[in-house]
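The structure under discussion appears below in the form of structure tokens.
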Amino acid sequence: MTMDGRVEIVRNLLGDLLSPVSVMDIGAMPEGDERYAPMVAAGIASVVGFEPNLEHADKLSERPGWRFLPYFLGNGEAGTFHVTAYPGCCSLFEPDPEVIDLFTGIRASPDHVGSFTVQETVPVETRRLDDIDGAGFPDLVKLDIQGAELDVLRHGMQRLSRCTIIECEAEFIALYKGQPLFGDIQSFLASQGFVLHKFIDVAGLPLRPFAHLEQAYRPVSQLLWADAVFVRDFSRLDALDDGQLAKAVLILDVVYRSYDLAAFFLGELDRRRGGDLTEAYLQSVQSASPDDLLVMNWRPFA
């Protein structure tokens, strides 16, 4: 079944419990549909995003249900934006050639131009997420800003006070000088009441000189980064109201295929309201194939 179909099933199941979902996308680029796109297409979600490239922000805002702002988010101080050969590698942190050039398929040194090679540096002023008027209070947040995720989170938790799910790209190896790593992000979010749920789109590359003869970008053993999904601590569901639980069910089902956690949240709604949503939901996912139960997916770099 398509995710569009899942949206309708979950929406019909939850009925009046479900109100529109607010998505915040920090660091979006126009590179295909996002995982949350089926919710937007169904009219049950809207997106406020941040993309500092004005051209990209304008292009993204052309889509119904999307509104993107061309701001650099961070700690509210001046910074330097490193413009790299590949736009997806641009960052407020400087790429580290001594680390990046260890891996097959990517480069950062000026002598061997690659995806991470800095073409230009631009002085910028960052804004604290908590200081952005009109950004709303999202239910789902996605961050992908090449090492600057923790700065945004540290200066944005008031804005994220209603958020139940955070998807955050995090590195396991410091590809950028001085960047926080996954452990730093996990530790901070744990202090804010979030737990790691799962990894998706896990990326790695072989160390030089090793490479697959036919697929140079295929990972071998070394993890580099992943999209990590964090959820509100599900052992403390009393901290969430019914509306937050209902929205979390939709997001977990449609965006992340986390059917077990969605059912667990429905169980809490049933406990509070004396309903039988869980049983009806479990019947709706009986036809899900093992491939639909997305836990972790290796993603080639290119």
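Just so you know, we're using the UniProt record's numbering here: the sequence shown kicks off at 1 and counts up by one. Just so it is clear, CB atoms sit at the ideal spot from N, CA and C, and this is done for glycine as well. Treat the numbers as computed from the prediction; the structure is a model and nothing was measured.
Presumed contact (8 Å Cβ cut-off) between residue i and residue j, rounded CB distance
i: Asp101; j: Ser109; result: 6 Å
i: Phe172; j: Phe182; result: 5 Å
i: Gly27; j: Asp151; result: In fact, because the Cβ distance is near 12 Å, the residues do not count as touching under 8 Å.
i: Val285; j: Tyr256; result: Going by Cβ atoms, the distance from Val285 to Tyr256 rounds to 13 Å, so no, they are not a contact pair.
i: Val99; j: Ala174; result: 6 Å
i: Lys247; j: Asp139; result: 5 Å
i: Ser161; j: Phe137; result: 6 Å
i: Ala42; j: Asp4; result: 7 Å
i: Phe116; j: Pro206; result: Their Cβ separation, rounded to whole angstroms, is 17 Å, which puts Phe116 and Pro206 out of contact at 8 Å.
Cross-strand partners of residue i (DSSP beta bridge)
i: Thr80; result: Pro123
i: Lys198; result: Val229
i: Ile165; result: Leu140 and Val231
i: Asp25; result: Gly49 and Lys142
i: Arg67; result: Val48
i: Phe103; result: Leu207
i: residue 326; result: As shown, the chain starts at 1 and ends at 302. That puts residue 326 outside it, with no answer to give.
i: Leu73; result: Arg127
i: Val7; result: Answer is none; Val7 lacks a bridge partner.
i: Leu223; result: Gly204
i: Glu268; result: Looking at the DSSP assignment, Glu268 forms no beta bridge with any residue, so it has no partner.
i: Ala170; result: Ala226
i: Val118; result: Thr84
Buried or exposed by the 16-neighbour rule on C-beta atoms within 10 Å, applied to residue i
i: Thr2; result: exposed
i: Pro87; result: exposed
i: Glu120; result: exposed
i: Val122; result: exposed
i: Arg232; result: buried
i: Pro20; result: exposed
i: Glu55; result: exposed
i: Gln179; result: buried
i: Ala226; result: buried
i: Thr80; result: exposed
i: Arg159; result: buried
i: Leu266; result: buried
i: Arg127; result: buried
i: Val220; result: exposed
i: Arg6; result: buried
i: Ala170; result: buried
i: Phe230; result: buried
i: Ala190; result: exposed
Own chain partners of residue i with C-beta closer than 8 Å, once the 5 adjacent residues on each side are dropped
i: Arg67; result: Ser46, Val47, Val48, Gly49 and Ser61
i: Val113; result: Ala85 and Arg107
i: Ala280; result: Leu13
i: Gly275; result: Leu269
Beta-carbon contacts of residue i that lie in its chain and below 7 Å, excluding the five residues immediately before and after
i: Gln192; result: Met157
i: Lys177; result: Phe93, Glu94 and Asp96
i: Leu282; result: Ala263
i: Arg35; result: Val255
i: Glu268; result: Leu237 and Leu245
i: Gln186; result: Leu196
i: Ala148; result: Gly74, Ser91, Leu92 and Phe93
i: Leu240; result: Thr164 and Arg232
Any non-hydrogen atom of the ligand SAM closer than 8 Å to residue i Cβ
i: Ala78; result: Of ligands this structure carries none, so the ligand SAM is not represented either.
Cβ-based neighbour list, residue i, same chain, cut-off 6 Å, excluding 5 preceding and 5 following
i: residue 308; result: Within the shown structure, residues of the chain are numbered from 1 to 302, placing residue 308 beyond reach of any answer.
i: Gln244; result: Thr164
i: Leu25; result: Checking the displayed sequence, the identity of residue 25 turns out to be Asp instead of Leu. The residues are Val47, Gly49 and Lys142.
i: Leu223; result: Phe172 and Gly204
i: Val10; result: Leu250 and Asp253
Among the options, the one whose alpha carbon lies nearest that of residue i
i: Val195; options: Asp16, Pro52, Asp270 and Glu167; result: Glu167
i: Ser235; options: Gly204, Phe264, Leu17 and Trp225; result: Phe264
i: Val124; options: Glu77, Leu153 and Glu51; result: Glu77
i: Asp144; options: Arg127, Cys90, Leu13 and Asp131; result: Cys90
i: Thr164; options: Asp4, Glu51 and Ser22; result: Ser22
i: Ala37; options: Gly274, Thr126, Asp131 and Leu250; result: Leu250
i: Glu51; options: His155, Gly275, Phe72 and Arg127; result: Phe72
i: Ala135; options: Gln186, Arg272, Pro70 and Asp184; result: Pro70
i: Asn53; options: His155, Val83 and Pro64; result: Val83
9 Å Cβ cutoff, residue i in contact with chain D
i: Gly114; result: Of the protein chains in this structure there is only one, and it is not chain D.
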